[in-house]
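First up is the structure itself, then whatever we jot down about it.
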Amino acid sequence: EVLEFEQYYECHKCDLFFHVKCTELSLEEYHTSHPEHPLKFLKGEEAPVYADKNCLLCGMEFNQEFHHCAVCNFSICKECMKN
Numbered sequence: 001e002v003l004e005f006e007q008y009y010e011c012h013k014c015d016l017f018f019h020v021k022c023t024e025l026s027l028e029e030y031h032t033s034h035p036e037h038p039l040k041f042l043k044g045e046e047a048p049v050y051a052d053k054n055c056l057l058c059g060m061e062f063n064q065e066f067h068h069c070a071v072c073n074f075s076i077c078k079e080c081m082k083n
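Here it is as structure tokens:
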């Protein structure tokens with residue numbers, strides 16, 4: 001949902017709106033808790049079957065979006081990724 005005071009991009013042809021911040025997100029980032037490999041941003045339905053469904057830092061269960069290293073089967077939630 002785009003609020004009227006937020007900056008966004010709009011496609012007039014498709015009638016789609018995108019937050020400016022969302023368009024600047026990287027799909028892969030490094031985190032200090034796992035410096036060996038980048039963590040890929042995934043949505044719940046994209047998660048590999050073998051992936052742990054809990055954040056390895058705070059223990060929170062994922063239900064939608066998280067960051068994951070397929071090499072190490074290392075997953076963390078969005079909140080921990082920010083820290």
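As numbered in full-length UniProt numbering, residues 1 to 83 make up the sequence shown, in order. Positions of the beta carbon are idealized from the N, C-alpha and C atoms, including for glycine.
Going straight from the alpha carbon of residue i to that of residue j, what length do you get?
i	j	result
Y50	G44	13 Å
N63	L42	11 Å
E46	K40	11 Å
S75	T32	13 Å
E61	C55	6 Å
C80	G59	10 Å
V20	E10	10 Å
Just tell me which of the options has its CA closest to the CA of residue i.
i	options	result
P38	Q7, L27, E46	L27
K53	Q7, K13, N73, C11	N73
C22	H12, S33, E6	E6
Please confirm whether residue i and residue j have their CB atoms less than 8 Å apart.
i	j	result
A70	P48	yes
Y30	F17	no
E65	K82	no
Let me know if residue i comes out buried or exposed under the rule of 16 or more other beta-carbons within 10 Å of its beta-carbon.
i	result
H67	buried
Worksheet item: In chain order, which continuous runs of the alpha helix (DSSP H) of length 4 or greater are located wholly inside the stretch 37–83?
Response: Taking only runs of at least 4 residues, the alpha helix (DSSP H) segments lying wholly in the stretch 37–83 are 78–82.
Worksheet item: Unbroken alpha helix (DSSP H) runs of length 4 or more, entirely within the stretch 11–35: which are they?
Response: 20–23
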